[in-house]
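Trainee: The listed protein sequences correspond, in order, to chains A and B. Residue numbers for the first sequence follow the numbering used here, so the first one is 3 and each next one is one higher. Residue numbers for the second sequence follow the numbering used here, so the first one is 3 and each next one is one higher. Okay, here's the structure, questions in a sec.
2 protein chains.
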Amino acid sequence: MTKPIPSQLDTTILAETFRLLGDPTRLRILFFCLEAPRSVGDIAASLDLSQSLVSHHLRLLRGARLVRGNRQAKQIFYELADQHVSGMLADMAHHVCEEHAEE
Amino acid sequence: MTKPIPSQLDTTILAETFRLLGDPTRLRILFFCLEAPRSVGDIAASLDLSQSLVSHHLRLLRGARLVRGNRQAKQIFYELADQHVSGMLADMAHHVCEEHAEE
DNA sequence: CAAACGTATAAATACGTGTTCATATATCCA
DNA sequence: TGGATATATGAACACGTATTTATACGTTTG
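The structure is reproduced here in structure tokens:
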């Protein structure tokens with residue numbers, strides 16, 4: 003039940019994750035993949051982004067193990083990789099709505 | 003019990019918060035203030051940062067209503083402004099420890 | 001009031017990074 | 001195998017931003 007301060011290293015690692023979540027485009031991609039696994043093309047078309055841009059962002063998200071891609075024929079379907087992340091995103095999506103009500 | 007996708011605007015707002023959390027220095031400041039309200043000088047000394055740098059970061063955190071400062075004589079003590087944020091940070095601090103155990 | 005202390009602001013710089021454009025890799029189909 | 005589709009990669013650029021240095025503002029105490 004302690005509330006220890008994370009080490010500087012832990013903090014840096016955690017910040018790295020937050021940093022990735024801190025881009026609107028990436029966050030939109032994550033929320034879109036939160037509903038269901040989505041192909042790169044679907045993401046690009048649905049969010050009105052270039053295929054290249056989506057791919058670049060997915061690479062970063064993959065590198066941080068935030069998303070996970072499954073090849074299905076020509077397409078690759080991406081989904082949230084971690085229960086932690088998807089849970090947190092869902093919470094955040096919930097909180098962001100409440101924020102508007104406050105004050 | 004729905005799991006709606008946040009609007010693009012909501013996502014941008016949320017990303018703004020994540021972006022602020024995505025810097026190691028700021029995150030260290032937040033964790034340090036999570037334990038107790040801290041003066042700017044205390045933050046700077048304890049985390050080995052310049053007073054100016056701490057002040058700059060606090061300004062950003064204040065702007066996003068993530069921290070809140072109370073003047074006490076010459077010093078200003080900063081603490082986490084929002085229950086949401088402090089709760090999330092505590093969770094994160096918890097998760098980041100678990101991560102190490104995984105795999 | 002003036003000096004001292006604590007904090008905030010301004011300007012400048014160095015660096016990272018989001019985006020685009022062009023091209024490469026990979027998988028399927030005729 | 002060759003063409004078509006889907007995804008990934010590389011280079012280049014524009015822009016934001018974290019940090020430093022110097023200075024200003026505000027508050028307390030002689």
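Every residue gets a Cβ at the ideal spot worked out from N, C-alpha and C, and that includes glycine.
1. Give the interface partners of residue 81 of chain B over in chain A, defined as CB-CB distance under 7 Å, in chain order.
2. Suppose the cutoff is 8 Å on Cβ atoms and the five residues either side in sequence are ignored; what does the same chain contact list for residue 82 of chain B look like?
3. Exposed or buried, what is residue 29 of chain B when buried is set at 16 or more other beta-carbons lying within 10 Å of its beta-carbon?
4. Would you give the residue range spanned by the alpha helix (DSSP H) that residue 28 of chain A belongs to?
5. Would you kindly work out how many angstroms separate the C-alpha atoms of residue 19 of chain B and residue 72 of chain A, rounded to a whole number?
6. Under 8 Å Cβ to Cβ from residue 54 of chain B, same chain only, skipping five residues before and after it: list those, please.
7. Apply the 10 Å Cβ neighbour rule to residue 45 of chain B and answer buried if 16 or more other Cβ atoms are within range, or exposed otherwise.
8. Let me make sure I understand the geometry here. Which of B:10, B:97, B:6, B:27 has the alpha-carbon closest to that of residue 63 of chain B?
9. Establish whether the CB of residue 26 of chain B and some CB of chain A are separated by less than 7 Å.
10. Within its chain, find whatever has a CB closer than 8 Å to the CB of residue 66 of chain B; leave out the 5 residues flanking it on each side and keep chain order.
11. Around the Cβ of residue 24 of chain B, are there at least 16 other Cβ atoms within 10 angstroms (buried) or fewer (exposed)?
12. Just checking: is the beta-carbon of residue 66 of chain A within a distance shorter than 7 Å of some beta-carbon in chain B?
13. Starting from residue 61 of chain A, trace the alpha helix (DSSP H) both ways and give me its first and last residue.
14. In three-state DSSP terms, what is residue 48 of chain B?
15. Keeping to the same chain, check which residues put their C-beta closer than 7 Å to that of residue 105 of chain A; ignore five residues upstream and five downstream.
16. Tell me the DSSP secondary structure of residue 15 of chain A in three-state form.
17. For residue 91 of chain B, does the three-state DSSP call read helix, strand or coil?
18. Quick check: residue 77 of chain B and residue 41 of chain B, are their CB atoms within less than 7 Å of each other?
Mentor: According to the structure shown:
1. Within chain A, no residue comes near residue 81 of chain B; the closest Cβ sits about 14 Å away, beyond 7 Å.
2. 32, 35, 36, 68, 69, 70, 88, 91
3. buried
4. Unbroken alpha helix (DSSP H) run through residue 28 of chain A: 26-37.
5. 30 Å
6. none
7. buried
8. B:27
9. yes
10. 18, 19, 22
11. Label assigned to residue 24 of chain B: buried.
12. no
13. 53-65
14. Looking at residue 48 of chain B - three-state DSSP - the assignment turns out to be helix.
15. In this prediction, residue 105 of chain A scores a pLDDT of 42, lower than 50, which makes its location untrustworthy; the coordinate-derived value is nonetheless stated afterwards. Answer for residue 105 of chain A: no residue qualifies.
16. helix
17. helix
18. Closer than 7 Å, so yes.
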